[in-house]
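Student:
In my numbering, the protein residues as written are 51 to 330.
1. When the Cα atoms are used, what is the spatial distance from residue 319 to residue 312?
2. For residue 172, list the residues DSSP reports as bridge partners.
3. Label residue 204 either buried or exposed according to how many other C-beta atoms from any shown protein chain fall within 10 Å of its C-beta, with 16 as the threshold for buried.
4. Where does the unbroken beta strand (DSSP E) through residue 261 begin, and where does it stop?
5. Who pairs with residue 220 in a beta bridge, going by DSSP?
6. Among the residues of its own chain, which have a CB less than 6 Å from the CB of residue 109, if the five just before and after it don't count?
7. Determine the burial state of residue 59: buried for a count of at least 16 other Cβ atoms within 10 Å of its Cβ, exposed for fewer.
8. Give the straight-line distance between the Cα atoms of residue 63 and residue 54, rounded to the nearest whole angstrom.
9. For residue 299, is the classification buried or exposed, using 16 other Cβ atoms within 10 angstroms of its Cβ as the cut-off for buried?
10. Mapping DSSP to helix, strand and coil, what is residue 97?
11. Which residues in the same chain as residue 65 place their Cβ atom closer than 7 Å to its Cβ, once the five residues preceding and following it in sequence are excluded?
12. Return the CA-CA distance between residue 221 and residue 321, expressed in angstroms with no decimal places.
13. When DSSP builds the beta bridges, which residues end up paired with residue 125?
14. Check the C-beta distance from residue 141 over to residue 106 and give it rounded, since I have them as a contact under 8 Å.
15. Can you give me the Cβ contacts of residue 82 inside the same chain, cut-off strictly under 6 Å, excluding the 5 residues immediately before and after it?
16. If I measure Cβ to Cβ from residue 103 and keep anything under 8 Å in the same chain, skipping five residues before and after, which residues do I get?
17. Note down the Cα distance separating residue 195 from residue 269, rounded to an integer number of angstroms.
18. If you reduce the DSSP assignment to three classes, tell me which class residue 108 lands in.
19. First and last residue of the beta strand (DSSP E) that includes residue 193?
20. Where do the N-terminal and C-terminal ends of the alpha helix (DSSP H) with residue 78 fall, by residue?
21. For residue 314, which residues of its own chain have a beta-carbon under 8 Å away from its beta-carbon, when the five flanking residues on both sides are left out?
22. Once DSSP output is grouped into helix, strand and coil, what is the label at residue 211?
23. Does DSSP put residue 132 in a helix, in a strand, or in coil?
24. Hey, residue 276 and residue 172 are a contact pair by Cβ (cut 8 Å); roughly how many whole angstroms apart?
25. Work out the CA separation of residue 92 and residue 56 for me, nearest whole Å.
26. Taking the alpha-carbon positions, what's the residue 242 to residue 249 distance?
27. I believe residue 165 touches residue 67 by the beta-carbon criterion, under 8 Å. Please report the beta-carbon distance rounded to the nearest angstrom.
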């Protein structure tokens, strides 16, 4: 993975916390990163180039007006006031290359002085085993802080640890072994062979979690269940959870003081135009 610094920019080593999405159902992690970048007015400092990520190009994603500033598959942003770096990923990883990508990203994070990675991802609501009706907005987490995946800060926020995590379960152990550089057939992401217990280790967030943990980095995955469709409400929930974890308040950054969030320019066409109401 190659890091290309944007013209006139200098990365800050003080930005030691990195927030990034994991590809997931509904693209909720990526939408949440969009919200955070737009609301913080984070500054793009460079680009990442990795052979595992498919190429793509688009117009300026954040505006406030499209000026022809190209958006690329992997971009790095910084919010220096709070020591944050953010990565936005706009295209998928080549099939069968997720673990290689995760290893490359972990190497980049370690070499650039990152200490703590926060991974945002959605989970398939169809795989949810237990539903707790005591809370409308449920956030789950997985952390490398303790062997069993728990973290005190997340518990204080009222979040639940991911139900499907067991460090002694065969696929989690196998994934950890691969992340540490041991050779073996990468069959953990073959959904055709997975049981219900093997589902979570085959997701992109799990590859990022294991690879960064293997590099000695602290990793916290913030997760929420969702379904395919209009996932903008889910992205607000996940972005708000990330802000709470980081101790930030969106009203300090957004132009809209009522809700505190700045809606990215690219969202104007994310789901196309509204329906023709004359049909109803």
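Just so you know, even glycine gets a beta-carbon here, dropped at the ideal spot from N, CA and C.
Tutor: Reading from the atomic positions:
1. 16 Å
2. 274
3. Residue 204 should be labelled buried.
4. Where residue 261 is concerned, there is no enclosing beta strand (DSSP E), although the alpha helix (DSSP H) it sits in stretches over 254-264.
5. According to DSSP, residue 220 bridges with nothing at all.
6. 116
7. exposed
8. 16 Å
9. exposed
10. strand
11. 128, 130, 133, 134 and 135
12. Distance between the alpha carbons of residue 221 and residue 321 is about 36 Å.
13. 97 and 138
14. Correct: roughly 4 Å between the Cβ atoms.
15. 170, 285, 288 and 289
16. When the five nearest sequence neighbours on each side are left out, the beta carbons in the same chain lying within less than 8 Å of the beta carbon of residue 103 are those of 123, 124, 139, 141, 142, 143, 144 and 151, in order along the chain.
17. Going from the Cα of residue 195 to the Cα of residue 269 covers about 8 Å.
18. strand
19. It spans 190-193 - the beta strand (DSSP E) in which residue 193 sits, taken as one unbroken run.
20. 78-90
21. 84, 85, 87, 88, 111, 112 and 113
22. strand
23. helix
24. 5 Å
25. 14 Å
26. Residue confidence for residue 242 is low, a pLDDT of 44 falling below 50, so the modelled location carries little weight and cannot support an answer.
27. 7 Å
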